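**Q** Chains A and B, in that order, give the protein sequences. Using our numbering, read the first sequence as starting at -17 and increasing by one per residue. Using our numbering, read the second sequence as starting at 2 and increasing by one per residue. Structure incoming, see below.
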Amino acid sequence: MILTDELVISGQEISFWFGEGELRKQILFEVDLQIQGGEIVLLTGPSGSGKTTLLTLIAGLRTMQSGSLRVLGMQLSGASSSLLTQLRRRIGFIFQAHNLLPYLSALQNVQLMFELHPDVSAVEGRQRATEMLERVGLGHRKDYAVSRLSGGQRQRVAIARALVTKPELVLADEPTAALDGTSGREVVNLLRSLAVDQGSPILMVTHDARVLDIADRIMEMQDGRVGAPTH
Amino acid sequence: MSQKIRLSWLQLSHEKAKLFAAIAGVMVSVVLMWMQLGLMNALFSSAVMFHDRLSADLVVVHSQYESILRSRSFSARLLYRLRGSEFVEDVVPVYIGTTDWKNPSTGGRKSIQVYGIETQKLTLSALGVNEHRQGLREEDTFLFDRLARPGFGEVPQFIADGQEPEVEINRRRMRAIGVTELGSSFGVDGNVITSEANFLRLFSQRRSGVIDLGLISLSEGAEPAVVRPQLQAALGKEVQVLTREEFRSLEIDYWQKATPIGVIFSAGTVVGFFIGFIVVYQILYTDVTNHLPQFATMKAMGFSGRYLVRVVLGQSFWLAVLGYVPGTIVAGLLYSGLKAATQLPLELSLLRGVALALATLFMCAMSGLLAIRKLSSADPADVF
C-alpha cells in the first residue's frame, strides 16, 4: 500500500438534517473523517446510521449544511452545483445495484465515461475500455447486452466503468449487496487489486461482514456518529 | 463535448416497437401537413392556371372585375386606343364565355368555359396553342382541355388516335383539332380554347368588340410597373390596368374570400402539427420517465444537465428525420394518386418541403423540451 500524506477526504464536524421545522431530524452529528491517498476504508454500521448520507455528501450529491468537508482539495461547503459536477467527474462510482445503461453493451457502458473526458479520443477510449473489461475478466463478453450478463458480471462491468478513467477516488455503496457470497468476494477482490494498481483510494459503505478483511481501515457508524476507528 | 457514443440513437432504438410507433406518429403528422398545404395550394393555383399561361405584360379588365368567372365586358376600342402609345408593342382582346357541352358518347350536357383569343400572336403559352395556330384559323375548330374533369367524353383519346372528333357546343358542331392543358377549378369543369372569330360564331348573342380581357405586350425595355399608371390614365375609369402578378393575386384573393378554403386547410395543417407534437411528447415523456434511474446515475457520475438535454433532443432530431423522410414519400405517392383522380396541380414543392422539414424539427424539439422538464426530478442523490 502506498500512502501519501495528502488527504483525499478531510471532514470536520459534519452535521446534517433531513426535513424542515417540526419534522426536522438530525442524521449526522459532528462527524470527523480523514482518508489518505491510496487508503482503502470501509464504512460500516446498521442501516439508518447515516453512512449513505455521509457518502452522498462526500460525492457532492447533497448540499453541506454544517461543518467543513474537503474532497480532492475542494471545499464542498458552499460549492456551486457546477463545481460539484466537476468534482464528480474525478470520482469513480460503484452503486448497490449495478446501474448500467440497459440499452448499451458492456463495452459501451464503460466507454460512455470518456464522454466526460473530451481529451480522450474515441479510438483511445474504446481501447482503454476494452482493456479494462479484459482486466475484470469480461474481454470475451464485451459486446454482450447488459441484460445477458449475470449479476456478478454486471457488477464487474460497473467496476470497469468506475475505474476506466483512473479516478482520484472511488466511492462504493454496498457493491456486494445484490450478489451471492462467492461473486461478492470476487468483486471486492477485483476492486481492491485494480484500485491498488492505480493508487486510487476507496471509501466503501458496506455491512457485508464477509468482505471486511480487504480494508486498510474500518470506520464504524452508529446513530449518526463515527465510533473509534478499528484497525 | 462531442458525443463518441450515439446515446440518443441507442436509447431510442432500444425498444423497436416504441420507435416505430413514434416514427409512425411523426409520419402521420408530416403526411397530414403535406396534404393540407398541398390541397390548399392546389385549389388556389388551379384557379389561376389560365393566368399563369398568359404571356402578356399587362392585363386590362373592367373596373368592377372580380374573377375570371365573373368578368364584365368592356369595349375593345378602349384597348385599341393604346396602340398609339410608344410603350405598347401590341394589344390582344380576349373573349370569355360559359356554355353547354354535349358529351359525344353519352349525350349528357356539361358546362364548359370558352376562351376566344387571337392565337396568331404570342399571347398564351398553354400546351398545343403554338402547334395548332393554323388549324385554329379554320372555321369551328377548337382545342380541348385534357385536364378537364370526367364527363366530357373521350375526346382526348380520339385526338390521341389521330382523329378530329366533332362535338356539339352550344348547339353548334365544332371540331376538336388538338388538346391543351388548363385544368379544372372552382366552378370550372373544363376549358376550350378557340379563335376570336370562332368564339363569336359560337356565342351568336355576343357582339364583336365587346371583350372581357385585354392583353398588352410592351415594347422592349418598358417596365410594366412603371408604364401602368400612364396607360391607366389614358384609359380612364371604366377599366383597370393590372400587372400579371396583380391579375393573378386578384383571382386568388377572390377565392380566398369567396370560399373558406384558406381557413379549413390552415386549421387542418395545425391539427397535423399537434398530432405529431402530442405523439412525440408522449413517447419522449415515457422514455425520459422510464430512464430516470439511468439519467440520475449519469448525473451522479458527473454528466451535466446539458449533456442529458442533448441526449433527449438528439432523440427528437432522429424522430423528426425518420418521420419526415418516409412521410414526404407517402405524401408524394398520395399526391400523384390524387392528381390522377382530380387533375389538381399537386406538387411536392421545394419551398414547402423546407418549411415542413423545419416545422417537423420544431415540433419534435418542442415536445423534447417539454418532456425534459421531467429530467429535473432525476435526483442523483437517490441513486445511493
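In this text, a Cβ means the ideal position worked out from N, Cα and C, and glycines have one as well. Fair warning: this is a prediction, and the values are worked out from it, not measured in the lab.
Using a Cβ-Cβ cut-off of less than 8 Å, list which residues of the stretch 186 to 203 of chain B approach chain A; keep chain order.
**A** none
**Q** Using 8 Å as the threshold, is the stretch 335 to 350 of chain B in touch with the stretch 127 to 144 of chain A, meaning 3 or more CB pairs across them?
**A** no
**Q** Could you give the distance in angstroms between the alpha-carbon of Q344/B and the alpha-carbon of Y325/B?
**A** Q344/B and Y325/B have their C-alpha atoms spaced approximately 26 Å apart.
**Q** From the DSSP secondary-structure annotation, give me the bridge partner or partners of R52/A.
**A** Residue pairing from DSSP places R52/A in a beta bridge opposite S(-8)/A, Q57/A.
**Q** Under the assumption that S74/B contacts Y66/B (Cβ atoms under 8 Å), give the Cβ distance between them as a whole number of angstroms.
**A** Rounded, the Cβ-Cβ distance is 10 Å, inconsistent with contact.
**Q** Quick check on the DSSP output: the alpha helix (DSSP H) that includes L371/B runs from which residue to which?
**A** 351 to 373
**Q** Please list, in chain order, the chain B residues whose beta carbon lies closer than 7 Å to that of L86/A.
**A** L11
**Q** Enumerate in chain order the residues of its own chain whose CB-to-CB distance from R353/B is below 7 Å, with the five nearest sequence positions on each side excluded.
**A** L38
**Q** Just the C-alpha distance for L54/A and L(-11)/A, rounded to the nearest angstrom, thanks.
**A** 8 Å
**Q** Determine the contact status of Q8/A and G209/A, defining contact as a CB-CB distance below 8 Å.
**A** no
**Q** Mapping the DSSP letters down to three states, classify S3/B as helix, strand or coil.
**A** Here the model assigns S3/B a pLDDT of 49, short of 50, so the residue's position is not dependable and the matter cannot be decided.
**Q** Is the Cβ of M302/B closer than 8 Å to any Cβ of chain A?
**A** yes
**Q** Answer yes or no: does any C-beta atom of chain A fall closer than 8 Å to that of A366/B?
**A** Not closer than 8 Å to any Cβ of chain A, the Cβ of A366/B fails to qualify, so no.
**Q** Just the C-alpha distance for T120/B and L144/B, rounded to the nearest angstrom, thanks.
**A** 11 Å
**Q** Rounded to whole angstroms, what is the Cα-Cα separation between H189/A and Q78/A?
**A** 12 Å
**Q** Would A372/B pass as an interface residue toward chain A - the criterion being a Cβ-Cβ separation below 8 Å?
**A** No, A372/B does not count as interfacial toward chain A.
**Q** Report buried or exposed for E221/B, applying the criterion of at least 16 other Cβ atoms within 10 angstroms of its Cβ.
**A** exposed
**Q** Please name the residue, chosen from T290/B, L349/B, E182/B, that lies closest to V130/B on a Cα-to-Cα basis.
**A** That would be E182/B, whose Cα lies nearest to the Cα of V130/B.
**Q** Do the CB positions of A197/A and V23/A come within less than 8 Å of each other?
**A** yes
**Q** I'd like to know whether the C-beta atoms of S317/B and S368/B end up nearer to each other than 8 Å.
**A** Yes.
**Q** Can you tell me whether R138/B is buried or exposed? The criterion is at least 16 other CB atoms within 10 Å of its CB, across all chains shown.
**A** exposed
**Q** Among the candidates H15/B, F266/B, V60/B, L357/B, whose CA atom is the shortest distance from the CA of V322/B?
**A** L357/B
**Q** Under the three-state reduction of DSSP, which class applies to L151/A: helix, strand or coil?
**A** Residue state, collapsed to three classes: strand.
**Q** If we cut at 8 Å on Cβ distances, does Q8/A have a partner in chain B?
**A** Output row for Q8/A: interface = no.
**Q** Can you tell me where the beta strand (DSSP E) with N192/B in it begins and where it stops?
**A** According to the DSSP assignment, N192/B belongs to the beta strand (DSSP E) that extends over 192 to 195.
**Q** Would you say V313/B lies against chain A (beta-carbon separation less than 8 Å)?
**A** no
**Q** Which residue from V89/B, R82/B, V62/B puts its Cα closest to that of S218/B?
**A** V89/B
**Q** Between the stretch 60 to 79 of chain A and chain B, which residues of the former have a C-beta closer than 7 Å to a C-beta of the latter?
**A** T67, R70, R71, F75, F77
**Q** Taking only three categories from DSSP, how would you classify R199/A?
**A** strand
**Q** To be precise: take each residue of the stretch 277 to 305 of chain B, compare its Cβ to all Cβ atoms of chain A, and keep it if any distance is under 9 Å. Which residues remain?
**A** H292, P294, Q295, A297, T298, M299, K300, A301, M302, G303, F304, S305
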